[in-house]
Amino acid sequence: MFFYFVFLRRVFPNIEKGARKLLSSSSSSGWHYIHILDEINLNSKKKLSIPNISDIFSYENQQAPDLYLAYLSEKVYNHLKKHKNLEIIHAEKDISCNYSNYPAVVKACDSWNPKNSFSKLAKNIFLINSIENVETLKDDECVLSCRYVPYREFHNRYSTGYIQSGKNELSYIDATSYVVPKTLNQDNINGKDQIITFVDKLLDYNHDLLTDSANPIDGSINQTNLNHRKIVRIDKLPTSTIDTTTGHGTHTSTISSGESQTTTSVTSLYNGIAPKSKIYFVDINLLDTKSTENLPFYLQTMKELGSGISSNSWGYSEYFPELTQYYDNIAYQNQNILFTFSAGNNGGSVSINSPGDSKNVLTVGASSAPSIANIENGQISYFLTDGTHSIPVQSVPSHSIPLLTRDSPLVSYKDLQISTTAADGVCISENTDVCSDLEAAITANSRLFVYSGSFCQTAQNNAIAAVEINSNDVSTLKTFSSVTLTIKTSNLTTISMYQNSCRGPTKNGIAKPEIVAPGENIISGLPGATGNSFSALTARSGTSMSVALISGAASLIRQYFMESKYDSKAITPSSALIKAVLANGAVQIPSISSVSSTISGYGIPNLSKSFGIHSSTSNSKRLLSENGEISEDEENIMRYQRKPLESDTPSVYFVDNVNIASDSSHVYSIMITNSSQNLSITMSYTDAPVDANYPLYADISIYLEKDSLKYVGNDLANFSEERASTTERIIVQNPAVGQYKLHVFSNEFNLDGSTFQISYSLAISGCFSEVTKLTQSECPKNCQGTCQGTKCICDSSHLGYFCQTEAPFAKVNKSFLTTSYPRVFKFFRASIPENSNWTAKVTCSNTINARLCICGRSITKYCFCNRFNTKSDIELYENKQLTEVFIAVQTFSENNETIKFFNGDITLADKDDPDDTNSTDKVINGNLPTGSIIGIIAAVVVLIGIIVGLVIYLWKKKMSDKKVEASIDDDFNNNNDIQAKLDSIFK
236 MFFYFVFLRR VFPNIEKGAR KLLSSSSSSG WHYIHILDEI NLNSKKKLSI PNISDIFSYE
296 NQQAPDLYLA YLSEKVYNHL KKHKNLEIIH AEKDISCNYS NYPAVVKACD SWNPKNSFSK
356 LAKNIFLINS IENVETLKDD ECVLSCRYVP YREFHNRYST GYIQSGKNEL SYIDATSYVV
416 PKTLNQDNIN GKDQIITFVD KLLDYNHDLL TDSANPIDGS INQTNLNHRK IVRIDKLPTS
476 TIDTTTGHGT HTSTISSGES QTTTSVTSLY NGIAPKSKIY FVDINLLDTK STENLPFYLQ
536 TMKELGSGIS SNSWGYSEYF PELTQYYDNI AYQNQNILFT FSAGNNGGSV SINSPGDSKN
596 VLTVGASSAP SIANIENGQI SYFLTDGTHS IPVQSVPSHS IPLLTRDSPL VSYKDLQIST
656 TAADGVCISE NTDVCSDLEA AITANSRLFV YSGSFCQTAQ NNAIAAVEIN SNDVSTLKTF
716 SSVTLTIKTS NLTTISMYQN SCRGPTKNGI AKPEIVAPGE NIISGLPGAT GNSFSALTAR
776 SGTSMSVALI SGAASLIRQY FMESKYDSKA ITPSSALIKA VLANGAVQIP SISSVSSTIS
836 GYGIPNLSKS FGIHSSTSNS KRLLSENGEI SEDEENIMRY QRKPLESDTP SVYFVDNVNI
896 ASDSSHVYSI MITNSSQNLS ITMSYTDAPV DANYPLYADI SIYLEKDSLK YVGNDLANFS
956 EERASTTERI IVQNPAVGQY KLHVFSNEFN LDGSTFQISY SLAISGCFSE VTKLTQSECP
1016 KNCQGTCQGT KCICDSSHLG YFCQTEAPFA KVNKSFLTTS YPRVFKFFRA SIPENSNWTA
1076 KVTCSNTINA RLCICGRSIT KYCFCNRFNT KSDIELYENK QLTEVFIAVQ TFSENNETIK
1136 FFNGDITLAD KDDPDDTNST DKVINGNLPT GSIIGIIAAV VVLIGIIVGL VIYLWKKKMS
1196 DKKVEASIDD DFNNNNDIQA KLDSIFK
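Position in the sequence shown (from 1) plus 235 gives the number in the working numbering.
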C-alpha cells in the first residue's frame, strides 16, 4: 500500500499560511511541483506522450524521490493534469533580489532569454550582472527565483614531504637538500605531464619558482604556451595586474607546482609537492562576476589542455545552494576532473559554505605544519653523529642557523671530514683563542665550526655555521671518521588542527571536510620578490595553503596511474579514485580517535601508505614489487593489484569506474596473510546532482565482515550506515589472517524503472595475497533479518543493509528522550491516521542544524526531508492513506545530542509526562511490563476514561470551532487559537 503525504510548509515553502490542503495550481504555464501519487516507471512516463518528458523527470529536477520541480508549458501542464497518478502544485516565486546593479543568480526555464546581460551557468541557472527592473522578474513566468551572489573569500620544505612520506623529520635527499623525505618525488613521481588549474587571484609569473627565462610570459596573457616550463596559460581579467601585493595566487600555486630554476638555491628547498607539474591559472576577482560567468569557458579550456585537477582556494561568504548544485553537476559531468576546494577560515562547526559544501568536490581543511618546521625559528635541538654515535649540541649562536642557510648556494652538513686545522669540513677548536680558530676556519671555507666554552663574535660570523658542544665530548668527536650535523626529533610535538579551519558538517548535512593538510605558516613564493634567496619566500596560513598542497598531491596520484607505475597499462583515474587513494592512506589527527570526523575528515594523506610504499630503516630504499598487473573484464573497469615482496609488506588494490545498479550489491573477497599491517579500505563515488533537501541521490555504502566480526563505512555509532558522504573508509587494526568479505551496497535510487547506474572506486591496502570480486553477490553473513537470495530482508522494526538499525515504534501523542549521534540518523516508526493532518516535532538539547525526514519504505526512498537550525522544529503533513512510515532525525553536530521526539496532535506536544519516558522505551523495545491484576484493572479504568474523554473532546470541538486550551511550548504560550498556532508554524 502506497502512502501520500507532504510537507505543507517546507517542500512548498511559500504556501498560504494556515493551509490544510495541497494547493492546486492557479495557472497553467510556469513552475510547478509534479507529485507522483503512485510509482510510475519510465515506460509509463513515455506513454504520457509529452515532448521532452525525460527533462521533466530528470534527477536535476528531483526534490524528493516522488517530487519534481520543473517549468511546464501550458501544453505540457494540460497533459500532466489529466494523469490520475500525478498532482500538479504551483510553485511560488522567491525573488529576494530587490535592487539593480548587483550580480544575481536566477533560476529560470532553460530557454530563458532576458534583456539583461546574462550568462548561463547550468541547466536552469543563469548569472545576471545587473537587473534593470526587478518587477520584470516577478512578472516573468519563466523565472522561479532570484538571489544575489555573495562575495568570495580567499581562504614547502616540510609539508610537501610530510604528505608524501608522513615523516616529521629531515634527511639529506642529495648533496645539499636537507628536507622531509619526498618519497614519491625521489621515484620521479613529481607531477610530470600534469597540468593543475588554479582558480585564484593574481600570479607573479616572474617569480623564481615560476619563471622561464627561455619563454617569458609578457605579452602572452590569455594565450596557450605549452613550451613554458611552468605556466601553460593565464586567463586574466582586464583589470588585473601582475601580483605584487597580496601573494595569494603566487603563494598557492608555488606550494603545489613551484620549482626553482636553480637546483642549489634556497628557494629550491621550498619547491612544490609536484615540482614538474605545470599551471593553468584562472585569475578571478572577489567581487567581479566575469570570472563566475566564464566558468564554462574555463572548464572547456581545462579539458582542451588535459588538466585533471582544479584547485580552488576560495569560497563564498554564505551558503548558496544554486552554486553548490552547480559544482555538484559539473563534477558529475566531468568525472575525470577532480575539483578541490578549501574549507574556509572562519572556524567553528557547520561553517563550510558553498561551493566547498558540494558532495562531489574534495574539501580540504587545515592542520598545523609538521613540527619539524620549527627549524625556521631555531626551536630545535641539534646533534652531531657518525651514524652510530651522537653528541648533543649545547647551543647555536643566534646569528648562525645551521641547516637553514639563507644564502645560495646551499651548504651540506652531511658526512663532513673531521679536522683540528682550518680545512674544508668540520673545524674543531681546542685552543683558548677561539677567535683565531674561527677566523682561520672562515678563511679556509670550513662548513662547520665546533667549539666549547665562549664563542668569539666576529664580523664574519654569518659566513660559517657554528655549534657548541660539551668539552668532555671533544675527544669523542675526534674519533669520528666523518660527522653529520642533524636534528633531534624525539621532542617534537604532534600535529594538530589549525584553529581557524572551518569544520563540518555542511549546512545541507554533508560530512565535510574529507581530508586536512598542513596550512599554518606555510613558506612559499612571495610575489614581487626577485632572486632565489630566502627573501623571495613568505609564510602564510589558511586552508588555501592546504588545498594547494592536496591539489599537487592529487596530480602525483594522477601521474602514478597515467604512467603505469608498477603495472602494465596506463589509465586516467577518475576523481573518485583519486579521492579514495588520498583518504585510504590518511593518518588521523592524534587528538581525534574516529575514522572520519567533521573536524578533520579522514586526517592527513600519506601517499606512501596509499601506495604501499615502505622505507627501510637502514638505507631508506623503498620495497617495491615489479609484478603488478592490470586487467579489464566485461564491466570495462580498471583493476590494479600489486602483490608484496614479503608477507609483512603491504599490498595495494585499486579498482575504478565500477558500475552498480539501483538496489544491488557487489562482494569482494580479501585474503589476509599477515596481521602486522592494518587493512584499510576506501570507497568513493560521484553522485548525481539532485535539487533536494536530502543530499544524496545514490547512497553507496561499504560493509566488511569476517565470521562474527563486522565493520561499516566510517565506523559510525551502533554500526549505522553513512548517509551523508560520497566517501567511506574502513580500517581494521591488525586484521586476523583469513578471508574477509567486502560488501558494496546501493540504495534504491532509480524509482522510474530506468537503467541509470552510479560508478564507484576502491582503494585497498594491507597484507593480503589477493582481492577478488565475486561473480555472484551474496547475503551478508551477519544478516540480522532473513536472507532471501542476495538480500537481507528486515522485519518492520529494523532497517539497514544487514538489518542492524532498530526503528522503535513512536506512540502517538507521546514523546520521549533519546540520544542522537554525530551524522547518524535516529529512526522511529509511526502509524498515521487516514485522511488526517499529522504533526511531527523534534526538540534538540542545543540550537543546532538538523534534518527531519519522513520516509516510506526506507531512508532515501520516498523521503521528504527538511533542514532546520533552531532548537525545535514542527512539521505538519497531510496524509491520504493509513500507513506506517519511518521517521528519521539527523543532527548536524560534532557531539552527541539529546533530542525529544513527538508525533501526533500538535496541541498535546508538551502535555505528556516526562517521567513517562522510561515506560515508553519499554513499549518501544517490545518488552511489555509485567503488572499485577491491580495494574491491569487500573489500565482498564484509564482506557474507559480515555473513551469518555474522547467523546467529550469531540463534543467540545464541534461547539468551540477549533478552540484549544493546551499550550504548545514557550514559542506559543500566548496563542490559544489553532489558526494563530498554524500561522506561527508556517511563518
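In this text, a Cβ means the ideal position worked out from N, Cα and C, and glycines have one as well. Note that the coordinates shown come from a computational prediction; the quantities given were computed from them, not determined experimentally.
Relative to the Cα of Lys1016, the nearest Cα in the group Lys1008, Asp1030, Gln974, Thr1010 belongs to Gln974. The region 309-395 is shown to contain whole alpha helix (DSSP H) runs of 4 or more residues at 309-316, 369-374, in chain order. The secondary-structure analysis by DSSP pairs His901 across a beta bridge with Val979. When the beta-carbon positions are compared, Val816 and Arg964 stay at least 7 Å from each other. For Tyr920 and Ser770, the gap between their C-alpha atoms comes out near 44 Å. For Arg1064, there is no enclosing alpha helix (DSSP H); the enclosing beta strand (DSSP E) covers residues 1061-1067.
Here Gly550 carries a strand assignment [DSSP, helix/strand/coil].
In the displayed model, Lys814 falls within a helix according to three-state DSSP.
If you keep only unbroken beta strand (DSSP E) runs of at least 3 residues inside the region 539-611, you get 544-547, 549-551, 573-577, 597-602. DSSP places Tyr795 inside the alpha helix (DSSP H), whose first and last residues are 778-797. Shown here for Lys511: same chain residues with a beta carbon closer than 6 Å to its own, the five before and five after excluded, namely Asn425, Gly426, Lys427 in chain order.
Counted as a single uninterrupted DSSP element, the alpha helix (DSSP H) harbouring Thr485 occupies residues 483-492. Between the region 595-604 and the region 750-757 there are three or more C-beta pairs closer than 8 Å, enough to call the two in contact. Take the alpha-carbon of Val979 and the one of Asn894: they are about 11 Å apart. Cβ-Cβ distances below 6 Å link Phe574 to Ser545, Ala566, Val596 in the same chain, with the five nearest sequence neighbours on each side left out; the list follows chain order. The criterion of a C-beta distance shorter than 7 Å is not satisfied by Gln652 and Ser584. Straight through space, the alpha carbons of Glu327 and Leu304 are spaced by roughly 11 Å. Where Lys1135 is concerned, the enclosing beta strand (DSSP E) starts and stops at 1132-1139. For Leu712, there is no enclosing beta strand (DSSP E); the residue is found in the alpha helix (DSSP H) stretching over 709-713. Using a C-beta cut-off of 8 Å, the region 1038-1046 makes no contact with the region 1098-1112, since fewer than three inter-stretch Cβ pairs fall below that distance. Look at Val890 here: in three-state DSSP terms it is strand.
For the pair Ile1134 and Ser1055, the CB atoms are nearer than the 7 Å cut-off. Rounded to the nearest whole angstrom, the CA to CA distance from Ile722 to Phe796 is 36 Å. Measuring C-alpha to C-alpha distances from Ile1109 to each of Phe1127, Gln1011, Gly1139 identifies Gly1139 as the nearest. When the beta-carbon positions are compared, Trp549 and Phe715 stay at least 7 Å from each other. Here Tyr386 is exposed, its C-beta having fewer than 16 other C-beta atoms within 10 Å. Per the DSSP secondary-structure output, Glu1110 pairs in a beta bridge with Ala1075. Comparing alpha-carbon positions, the option among Asp563, Ser689, Phe618, Ile663 lying closest to Leu683 turns out to be Ile663. Between Ile935 and Ser981, the C-beta gap is smaller than 7 Å, which places the two residues in contact.
In this structure, Ser1012 sits away from Pro1057, with a CB-CB distance that is not shorter than 7 Å. Residues Tyr306, Ala326, Leu379 of the same chain have their beta carbon placed closer than 6 Å to that of Trp266, with the five preceding and five following residues left out of the count. Ser809 and Asn892 do touch by the CB rule: their CB atoms are close to 6 Å apart, below 8 Å. The beta carbon of Asn735 lies closer than 6 Å to those of Asn580, Gly582 in the same chain, with the five residues before and after it left out.
A direct Cα-Cα distance of roughly 36 Å separates Phe1037 from Asp290.
In the assembly as shown, Glu309 is an exposed residue. Its beta-carbon has fewer than 16 other beta-carbons within 10 Å. Look at Ala764 here: in three-state DSSP terms it is coil, with no helix or strand label.
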